[in-house]
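Structure first, commentary second.
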Amino acid sequence: MYRSYGSSGSGEIVGIIITVIIVLVGIFFACRELMCWYYKINKIISLMEEQNNLLKHQMGISPTSAVHIPSADDWVCPKCKNNNRKTALFCNNCGEKK
Ligand SMILES: [Zn+2]
């Protein structure tokens, strides 16, 4: 059947191989989506990112995080001259941005 076009036989084989590869990639992505959905991976990742953001936010501005040992990496607030830890994005005292 594939030989009915004569010399175009090898071209057809390449076409079939490409089609098979595309189908396999499609099956792979379908399975991947199914796995992500089944184990709620996308939801877990978004929840973890939210937790990370909340933790970073808290580290930066919460007054309860005031207990820390001063180090050379600390930065001084330009507004109130408070000594803030390296990881803080906002001043621990007045909330000024780093
Ligand atoms: Zn400050």
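Residues in the sequence shown are numbered from 758 upward in steps of one, following our numbering. C-beta atoms are modelled at their ideal positions from N, C-alpha and C, and glycine is treated no differently.
In three-state terms, what does DSSP make of residue i?
i, result
"A787", "helix"
"N840", "strand"
"K854", "strand"
Less than 8 Å separating the beta-carbons of residue i and residue j?
i, j, result
"K838", "L846", "no"
"C834", "E853", "yes"
Taking the straight line between their C-alpha atoms, what separation do you get for residue i and residue j?
i, j, result
"H814", "V780", "45 Å"
"S767", "I778", "17 Å"
"I869", "F785", "Past the edges of the chain, shown from 758 to 855, lies residue 869, and the structure says nothing about it."
"T844", "Q808", "16 Å"
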